[in-house]
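These notes concern the structure reproduced below.
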Amino acid sequence: MFRPTLTLNYDRVLNTLAAWLLALFWLLPLAYAGWTAFHPAEYETRFVPFAPLTLENFAQAWSEAPFARYFLNTMILVTGILAAQFTLCTLAAFSFARFTFPGRNILFALVLIQLLVMPDILIVENYQTMRRLDLIDTIAAIGLPYVASAFGIFLLRQTFMTIPKELDEAARIEGCSYLGILWRVYIPLAKPTFLAYGLVSVSHHWNNFVWPLIITNSVETRPLTVGLSIFAVTDAGIQWSVINAATLMTSGPLLIAFLLFQRQFVQSFMRAGIK
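If you want it as structure tokens, here you go:
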């Protein structure tokens, strides 16, 4: 009579062990990068519990490549893309969620189809478009193909559709325009979704590599990913500790952001889930 309970506990133990094992495999490369970055080069391939700590690797990496410029370029890039995506996706999602117009379902289906198109397929066409616009080797060229996000439109539409329409009517009675309703009602209630989408967008474009590598040619426009790859290739024969220090510098802001906002990140997707 106790077999179902024993089976349930056994499955839970197996699932927990599998989760911890996967987490361990995920942490091993990060742990190695952290170890080599904070220890002298002679400890790259051996673990000594009381090995001396050092920040020399970070100082050396910072001095041997223009990481300050790479950070500035990346911040301008992700901030510009996020601002454009918030504006366009919010307006489009509000239209799909609250307005009835001919062809609405067809247009939204076309938006969803964009989720099935890999960005790498459009690299050649995007490059030709940027060349015609004379935007090669500019930060704008990196961000323009991503200013409209089908995922962002879908996610915000799902959230807006959960907001009671009675709030629209109350706001209209108070004299609010449609933009006023969007600004005073929908956006405040959708803050967790905006936060989650912002983290997804920033992390994606912070780590984006192929398109920035193709479209940029100079230090003045390269983001961190491209700059780090060039630094690693150039200095691969020096020290892994220096390269890993540079890697931690470039990925550290994302790790900190995720640790700070991980609860809001998960909860927002649960609230705006596919309903």
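Mapping of the sequence shown onto our numbering: position 216 corresponds to residue 235, and the numbering continues sequentially without gaps.
Yeah, the Cβ is synthetic: ideal placement off N, Cα and C, and Gly gets one too.
- As the crow flies, the alpha-carbon of L135 is around 34 Å from that of R88.
- By the C-beta density criterion, G217 is buried, having at least 16 other C-beta atoms within 10 angstroms.
- Annotation: the continuous alpha helix (DSSP H) that includes M149 extends over I142 to R151.
- In this chain, the alpha helix (DSSP H) harbouring F127 covers R123 to I132.
- Shown here, P48 sits in a helix according to DSSP, grouped into three states.
- By alpha-carbon distance to V219, the top candidate from F170, A209, R241 and K210 is F170.
- Out of P71, F77, S168 and P207, the CA that lies nearest to the CA of W259 is found in F77.
- Note on geometry: alpha-carbon atoms of L154 and Q147 lie some 10 Å from one another.
- Residue nearest to I200 within the set F213, I132, P48 and P183 is P183 (criterion: CA-CA distance).
- If you keep only unbroken alpha helix (DSSP H) runs of at least 4 residues inside the stretch 41-112, you get 75-83.
- Using a 10 angstroms sphere on the CB of S196, the tally of other CB atoms stays under 16, which defines it as exposed.
- In the structure shown, the three-state DSSP call for N34 is helix.
- By the 16-neighbour rule on beta-carbons within 10 angstroms, G271 is exposed.
- By the C-beta criterion, the stretch 103-120 is judged to be in contact with the stretch 173-181, since at least 3 inter-stretch pairs fall below 8 Å.
- With a threshold of 16 other beta carbon atoms within 10 Å, F213 meets it and is buried.
- Annotated three-state conformation of R191 is helix, per DSSP.
- Using a C-beta cut-off of 8 Å, the stretch 160-175 makes contact with the stretch 233-240, since at least three inter-stretch Cβ pairs fall below that distance.
- Only residues of its own chain outside the window of five on either side were considered, and among them A169 and I172 have a CB closer than 6 Å to the CB of V130, listed in chain order.
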